[in-house]
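Shown next, in structure tokens, is the structure this report addresses.
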Amino acid sequence: MTRHRATLFSFSLIIVAAAGLATAAAVQDKPAPAARSAAEGGSVGPRYDKDGALLLPADYRRWIFVGSSLGMSYSDGPGMGMEMFHETLMEPTAYQHFVDTGTFREGTMLALILHGSGERVPPMRRGRYATEVHGVEMAVKDSSHRPEKWAYYNFGGMAGLRTAAQAMPKESCYGCHVQHAQRDNVFLQFYTMLAEAAKVPR
């Protein structure tokens, strides 16, 4: 090998070695992926203030839709007022747990949103549609907070939503749910979409 070729060969080796060192340094200096938060991907549960009132979750309007009804009432009394649209939403991690297991886990939250009813707004010719929110209620399963596990909360509506609510008296909702709910205090018989998603026999 001539001296000229040897010099070129040595120079090439130096370039390759330098490139390798630069690559190794870049890999070494590259920051590691951020560690996942302990809460990331975990269950989401209810939160309470210092007085034990349930805090209205900020994202409840983005929960999973599980059912709706029109004018549903649990009373036979006349003069119940305007028929309202009801829609029920379920906290997403609790929804996934129910779909996977068919059970309502601790911390399950369901939000009931009550809407007014509108009609005869152009261009519609018939039917009715949901209008402004008249009320927001919530059912929560939390045995650490209530010995009977389930509690029910009313956050108001027409006059503005409260950010926190105390549980309603046990006799106002709990007894009816215990007696008539298809599964674990939840009126699953009215939530066909939820039952189908979890493959619950009808």
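Here the sequence shown stands for residues 18 to 219, numbered as in the working numbering.
Ideal Cβ positions, reconstructed from N, Cα and C, are used throughout, including at glycine.
Asked	Found
Classification of H197 by the beta-carbon crowding that lies within 10 angstroms, buried from 16 upward	exposed
Residue span of the alpha helix (DSSP H) that contains T209, given as start and end	T209 to A214
Own chain partners of F172 with C-beta closer than 6 Å, once the 5 adjacent residues on each side are dropped	L73, V153, L178, R179 and A182
Beta-bridge partners of T105, as assigned by DSSP	G84 and L129
Closer than 8 Å: L211 CB and nearest the ligand MN heavy atom	No copy of the ligand MN occurs in the structure displayed, which carries no ligand at all.
Proximity below 9 Å, CB of A214 to CB of C190	no
Per-residue burial, K158 [other beta carbons within 10 Å of its own, 16 or more giving buried]	buried
Neighbour-count burial assignment, P109, 16 or more Cβ in a 10 Å radius	exposed
Extent of the continuous beta strand (DSSP E) run through G174	W167 to G174
Bridge partners - K158, DSSP secondary structure assignment	W167
Nonlocal neighbours in the same chain, by C-beta distance under 6 Å from H241, ignoring five residues either side	Residue 241 is absent from the structure shown; the chain starts at 18 and stops at 219.
H151 versus Q199, G174, Y169 and T105, residue with shortest Cα-Cα distance	G174
Closest Cα partner of T125 within the set G133, H132 and V116	V116
Supposed close pair S160, E123 - CB separation, criterion 8 Å	6 Å
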